[in-house]
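In the order they appear, the protein sequences are chains A and B. Using UniProt numbering, count along the first sequence one by one with no gaps and you end on 495. Using UniProt numbering, count along the second sequence one by one with no gaps and you end on 495. Where is the CB? At the ideal position from N, CA and C, for every residue including glycine. Keep in mind the model is a prediction, meaning the values are calculated, not measured.
Protein chains: 2
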Amino acid sequence: MINSLFKPLLSETDKKWKPILKAFEAAIGKDGVVRRKEELLTYECDGLTSYRQRPAVVVLPRTTEEVAAVVKICHDYQIPWVARGAGTGLSGGALPVEDCVLIVTARMKQILEIDLENQRVIVQPGVINNWVTQAVSGAGFYYAPDPSSQIICSIGGNVAENSGGVHCLKYGVTSNHVLGLKLVIPDGSIVDVGGMIPEMPGYDLTGLFVGSEGTLGIATEITLKILKTPEAICVLLADFTSVEAAGQAVSDIISSGIIPAGLEIMDNFCINAVEDVVATNCYPRDAEAILLIELDGLQVEVAANKERVAKICRKNGARDITSANDPETRLKLWKGRKAAFAAAGNISPNYFVQDGVIPRTQLAKVLQQINELGEQYGYRIANVFHAGDGNLHPLILYDNSIVGAWEEVEKLGGEILKLCVECGGSLSGEHGIGSDKNCYMPYMFNETDLETMQWVRQIFNPDNLANPGKVFPTPRTCGEAANAKLEQFKEIDLY
Amino acid sequence: MINSLFKPLLSETDKKWKPILKAFEAAIGKDGVVRRKEELLTYECDGLTSYRQRPAVVVLPRTTEEVAAVVKICHDYQIPWVARGAGTGLSGGALPVEDCVLIVTARMKQILEIDLENQRVIVQPGVINNWVTQAVSGAGFYYAPDPSSQIICSIGGNVAENSGGVHCLKYGVTSNHVLGLKLVIPDGSIVDVGGMIPEMPGYDLTGLFVGSEGTLGIATEITLKILKTPEAICVLLADFTSVEAAGQAVSDIISSGIIPAGLEIMDNFCINAVEDVVATNCYPRDAEAILLIELDGLQVEVAANKERVAKICRKNGARDITSANDPETRLKLWKGRKAAFAAAGNISPNYFVQDGVIPRTQLAKVLQQINELGEQYGYRIANVFHAGDGNLHPLILYDNSIVGAWEEVEKLGGEILKLCVECGGSLSGEHGIGSDKNCYMPYMFNETDLETMQWVRQIFNPDNLANPGKVFPTPRTCGEAANAKLEQFKEIDLY
């Protein structure tokens, strides 16, 4: 009964919601509609925990048709809605907005089709990233994009944020692995974009939707490309006595024409944090930086590239180079990297992961400047990131219980982004813009460029019901800290 | 003087154009405005010579600002315009429409920036595809997409049509190699999309524009990714006594996890046509099909893959396998493939190149059906195409001087596309939709899907001035033949 969800005396708000809830229940069943305050708590934030907002109601559809029905109801009542996958996103893309419907894909976890012959898999959006590889690995295939959160994050969220991961250096981010999408757009229509083969004729709406962060619609069926598992994989661990030397080794490896499957860097602070927590006993605590380099391909190719990479590392002053070919030892070498965020959580009450991109060639310089910024603001910063594609992830450690700390960290994070953009990089490599970075968009785009993107949003989402306030800067969503930073960019008007 | 371009007595049409021509001349200079009938002849068609339409005027801007000025004038006077690169397109994408302005990029041939460190090059749209590789090959780099027409086609046209080529099997089509674009959109505004690094935040408008066939605007500066020249390249030529066996070898090579840099097939008819013209003396005239397989990478990798590919070919009944490592012999093996279209022109007064995609696994079956269709219609069809990605290019040989021949060929081409779509493929692999295939779009997309694409067109191109009548089906652009074919698709309404 609807009434059991409410206090006996209906408030004005409850009156407004009554017919809407009834419509949701009719469309997807009572068990798919969550309205109790204590149950809504879980949904107040995603992985960016510093922002919180309780949704008015959570709905849990199971099929494309149910999603379409829910979105149609939102459209009819002009209620804003936000889509949410596993809620692991780091830019607040799935952060609810006030009085919104949160459409959660947790019950859309079916792998709908596996077509090994044509190397594709069709999944519902709630399917966990790692499940795709698990479903096809027995037959010698895998799904390449592998965010750190891959054992808990969902494909739908990956599509929304165009997620990356360690293996995206060689194989590209999510957009390179999505062939087609079944979408529910904000008026409740069901649209198919792309298809079963790459490079379909007509406009590339698949590419447009991947990374649109829930502002153009919600993907309800996703056709993914899967790749053949390589014949051989080798992981090298090289340790350096300076970050500059490690950065130079990264540049030299890529310049030599080798594209490793993964190429990650960790600084001394991060190495020690990780060893404290998971004790890999592989990462030398006195190293200023380590590189983790994964090579894949044919046996002979991996063996040859291993020699070349080792030589480049040694030329750049690497002290030790360990390598692992068998899965178990490889996993051991990766273990610390995979635990880096958890380790930051262990040594600090809170941490904030920034996500920016710089040209690879400027790694050492920018890392130095990031450290200087950290000292200036009085916060420790651990660095662990995808060095191969210049995708930085500085982890700023702080204590949220200290008044004003978060605001300072936000400002420091903004300074880091400014650095990235100024040296020819980007505001985001793989975590998306979401609620966290929309106010920084004018760092990268002028008014006309942003307006052009807004046109696209407006045609799909004319009433601004789908994930309002995300991605694009509006005065409302820009914090004071960010505004202050923007004043330094006098030449660009805040859009 | 404007007047010198006209007959003494101005017609109504001339009166309409007088102020427009004046405005063009003021914007880009008199030498950039072509209006004489005999000079306009060149621009009546692109590579799809069966359709012709003389433009009202041709303009030849040199810079982004000049393009913007021209487009703004068209916008102010509400004159339709069509962009044209080198005019080598095969789907009529650059076919003028009645009473239009043709914006030709022939004077926009500057390579604006070469940044080897970051592996990118910025070019104007009139730059010839091959020039990019020429400009960077000395430093050990190349530009991967290589349409057959690469020595004459322009990068702007490649961007518009999302062109492919032999090397796109391994490295992807044009959209995978464009980082950013400076665009003039149909209201005359200049917009930057994408940038200098991949995966910029916000909507992927770069991906949206690449392949939009001039309907959303015109690219005036294009930032391209360049790749490191591989250490080793090897070309194998394997000959088979049946097309089925060659097709199975293609499937087996890809299934084995090897991705050749190129994997091309030629049938017996094509082999003989080519040998008649260029006499490579490499292609056995009695072979039912040959495969040309290019492998690239490290020396050891290429050597290992060469063994594996040869083994797969032999398993599938290949008679002879020739291979070439040195550039000169490699070129010799490729020579016939590159000359295939010219050879078709030699043995037939006219030929029509169809472009469709099928799942690789159905190669042999579909080729058989194409031959049957050819017999049924009474036309010879030569097959030479990108086998690795299932991108067919049947060459239908005909004589345009025979009344009704072109109409029959068009119908036969439509039947071939129908075959492609029915077996899970696509209307176009790399030549685009243009004027030629827009009426077939409902084969692949339902009304809602097409409408969604049209929304996108309408926001960028609301007055339908940029390349009107292309890509999307309208009753006006669908020939009777195509309409008759469409009637067989009762379940899909013609949009």
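{"query": "Check whether the Cβ of residue 492(A) lies closer than 8 Å to any Cβ atom in chain B.", "result": "Unreliable placement is indicated for residue 492(A), whose pLDDT of 33 sits below 50; the coordinate value is still reported in the next sentence. No, its Cβ sits nowhere closer than 8 Å to a Cβ of chain B."}
{"query": "Any heavy atom of the ligand PLP closer than 7 Å to the Cβ of residue 75(A)?", "result": "As for the ligand PLP, it is missing from this structure, which has no ligand bound."}
{"query": "Is it true that the stretch 394 to 407 of chain A meets the stretch 326 to 336 of chain A, where meeting means three or more beta-carbon pairs spaced less than 8 Å apart?", "result": "no"}
{"query": "Are the C-beta of residue 148(B) and some C-beta of chain A separated by less than 8 Å?", "result": "no"}
{"query": "Report the residue from 189(B), 21(B), 299(B) whose alpha carbon sits nearest the alpha carbon of residue 100(B).", "result": "21(B)"}
{"query": "Is the CB of residue 204(B) under 8 Å away from at least one CB in chain A?", "result": "yes"}
{"query": "Going straight from the alpha carbon of residue 386(A) to that of residue 250(A), what length do you get?", "result": "10 Å"}
{"query": "Just by C-beta distance, which residues in the stretch 270 to 293 of chain A are closer than 8 Å to chain B?", "result": "none"}
{"query": "Taking the beta carbon of residue 19(B) as the centre, do at least 16 other beta carbons fall within 10 Å, making it buried, or is it exposed?", "result": "exposed"}
{"query": "Flag residue 385(A) as yes if its beta-carbon sits less than 8 Å from any beta-carbon of chain B, otherwise no.", "result": "no"}
{"query": "Quick check on DSSP: helix, strand or coil for residue 415(A)?", "result": "helix"}
{"query": "What's the gap between the Cα of residue 497(A) and the Cα of residue 457(B)?", "result": "Outside the shown range of chain A, which is 1 to 495, sits residue 497(A), and nothing can be said about it."}
{"query": "So, does the CB of residue 404(A) fall closer than 8 Å to a CB anywhere in chain B?", "result": "no"}
{"query": "Tell me whether residue 422(B) is buried or exposed, calling it buried when 16 or more other Cβ atoms sit within 10 Å of its Cβ.", "result": "exposed"}
{"query": "Check residue 283(B) in the structure and name its three-state DSSP category.", "result": "coil"}
{"query": "Please list, in chain order, all residues of the same chain as residue 92(A) whose beta carbon is under 7 Å from its beta carbon, the five residues on each side excluded.", "result": "46, 48, 51, 434, 435, 436"}
{"query": "By the 7 Å beta-carbon criterion, what residues does the stretch 239 to 266 of chain A contribute toward chain B?", "result": "257"}
{"query": "Below 9 Å between beta carbons is the criterion; list the residues of the stretch 219 to 241 of chain B that meet it against any residue of chain A, in chain order.", "result": "227, 228, 229, 230, 231"}
{"query": "Return the residues of the stretch 120 to 147 of chain B that lie within a Cβ-Cβ distance of less than 7 Å from chain A, sorted by chain order.", "result": "none"}
{"query": "My guess is that residue 57(B) and residue 33(B) are in contact by the Cβ rule of under 8 Å, so how many angstroms apart are they, rounded?", "result": "6 Å"}
{"query": "When DSSP builds the beta bridges, which residues end up paired with residue 200(B)?", "result": "Answer is none; residue 200(B) lacks a bridge partner."}
{"query": "Over the uninterrupted alpha helix (DSSP H) stretch that includes residue 386(B), give me the two end residues.", "result": "Looking at the DSSP string, residue 386(B) is not in any alpha helix (DSSP H); the run it does join, the beta strand (DSSP E), is 381 to 386."}
{"query": "With a CB to CB cut of under 6 Å and the five nearest residues on each side skipped, what residues in its chain are close to residue 409(A)?", "result": "352, 396, 398"}
{"query": "What are the start and end residues of each continuous beta strand (DSSP E) run of 3 or more residues lying completely inside the stretch 35 to 65 of chain A, in chain order?", "result": "57 to 59"}
{"query": "Would residue 496(B) pass as a contact of residue 384(B) if the rule is Cβ separation under 8 Å?", "result": "The displayed coordinates of chain B run from 1 to 495. Any statement about residue 496(B) would go beyond what the structure contains."}
{"query": "What is the residue span of the alpha helix (DSSP H) that residue 332(B) lies within?", "result": "327 to 338"}
{"query": "Taking its Cβ as the centre, do 16 or more other Cβ atoms sit within 10 Å of residue 221(A), making it buried, or is it exposed?", "result": "buried"}
{"query": "Kindly indicate the opening and closing residues of the beta strand (DSSP E) around residue 315(B).", "result": "Residue 315(B) -> not in any beta strand (DSSP E); alpha helix (DSSP H) instead, spanning 299 to 315."}
{"query": "Hey, how far is the Cα of residue 14(A) from the Cα of residue 105(A)?", "result": "25 Å"}
{"query": "Taking 8 Å as the threshold, find out whether the stretch 195 to 204 of chain B comes into contact with the stretch 172 to 181 of chain B through three or more Cβ pairs.", "result": "yes"}
{"query": "By Cβ distance below 6 Å, which residues in the same chain neighbour residue 152(A) in space, the five residues on each side in sequence not counted?", "result": "86, 88"}
{"query": "Hey, does residue 188(B) have any beta-carbon neighbour from chain A nearer than 8 Å?", "result": "no"}
{"query": "Pick helix, strand or coil for residue 240(B), following the three-state DSSP scheme.", "result": "strand"}
{"query": "Alpha carbon to alpha carbon, how far is residue 393(A) from residue 274(A)?", "result": "15 Å"}
{"query": "Note the first and the last residue of the continuous beta strand (DSSP E) segment covering residue 209(B).", "result": "Where residue 209(B) is concerned, there is no enclosing beta strand (DSSP E), although the alpha helix (DSSP H) it sits in stretches over 205 to 209."}
{"query": "At which residues does the alpha helix (DSSP H) containing residue 374(A) begin and terminate?", "result": "363 to 377"}
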